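Read through the structure below, which is laid out as structure tokens, and then see the notes.
In this note's numbering, the protein residues as written are 2 to 239.
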């Protein structure tokens, strides 16, 4: 028999669900991969090797990048062992780093509205995957490691597209990009640590399994909001 609703069991999950609802609403003030106005001006004006500033900018981007956080949240949602978490996060980092570095170096950009809509799609995909939708619809489970790597590529293109738009100086380009990428990975570890702390507390309660499906529905909704916002911007700007 199902246990009666206990407010105490719900509290650990409530901050997560509220965050999932409110983070995408920030898209009304900024694009998923937008860089703050002050940071944009800094990137455009400086030249030469600036390792520490670019590490800071990379970490700041990841920690404030709600699309990355939502995707990471979905990726580790049902992962319990640090070994497995490390594998998936490393695959995401590999994909993200590869396309960010190569995209900027070879000046390969994608329309920012389109790439950010695809990134929103990655959030929807992972939520559906967590809910077992693909097994029900397709009769088999798509390879989750490959999906994580592929969507990592798209997340990296989202960032490289923005950096290209800001005309970063070619003087010191490679060291600055590598420093920025180091900062991104530092920021990813900080965000991941915060997520794991919250998830660890929630998983120790009986409410986790009762509300896991609901949390992923909310995450999927957030992903659709991101997609809708970006596609609206695409058509309005056309």
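We put the CB at the ideal spot given by N, CA and C, even for glycine.
None of these values were measured; they are calculated from a predicted model.
Query, Result
"Going by CA-CA distance only, name the one from 195, 93, 238, 208 that's closest to residue 150.", "93"
"Does the separation of the CB atoms of residue 184 and residue 49 fall below 8 Å?", "no"
"Taking buried to mean at least 16 other C-beta atoms within 10 Å of its own C-beta, is residue 139 buried or exposed?", "exposed"
"Whole angstroms are fine: how far does the CA of residue 186 sit from the CA of residue 87?", "13 Å"
"Alpha carbons only, please: which of 136, 152, 119 is nearest the one belonging to residue 227?", "119"
"With a threshold of 8 Å on Cβ separation, who are the neighbours of residue 56 within its own chain once the five nearest residues in sequence on each side are excluded?", "180, 181, 183, 184, 187"
"State the start and end residues of the unbroken alpha helix (DSSP H) segment that holds residue 83.", "83-106"
"Compute the Euclidean distance between the alpha carbons of residue 116 and residue 210, then round it to the nearest angstrom.", "33 Å"
"With 16 as the cutoff for other CB atoms within 10 Å, does residue 231 come out buried or exposed?", "buried"
"Please state if the CB of residue 52 and the CB of residue 193 are separated by a distance shorter than 8 Å.", "no"
"With DSSP collapsed to three states, give me the class of residue 229.", "helix"
"Please go through the same chain and pick out, in chain order, the residues whose beta-carbon is closer than 7 Å to the beta-carbon of residue 234, but skip the five residues on each side of it.", "114"
"Taking residue 243 and residue 75 to be in contact with their CB atoms under 8 Å, please state how far apart those CB atoms are, rounded to whole angstroms.", "Not covered by the structure: residue 243. The range shown for the chain is 2 to 239."
"When we look at the beta-carbon of residue 98 and count the other beta-carbons within 10 Å, is it buried (16 or more) or exposed?", "buried"
"On the three-state DSSP scale, how would you describe residue 189?", "helix"
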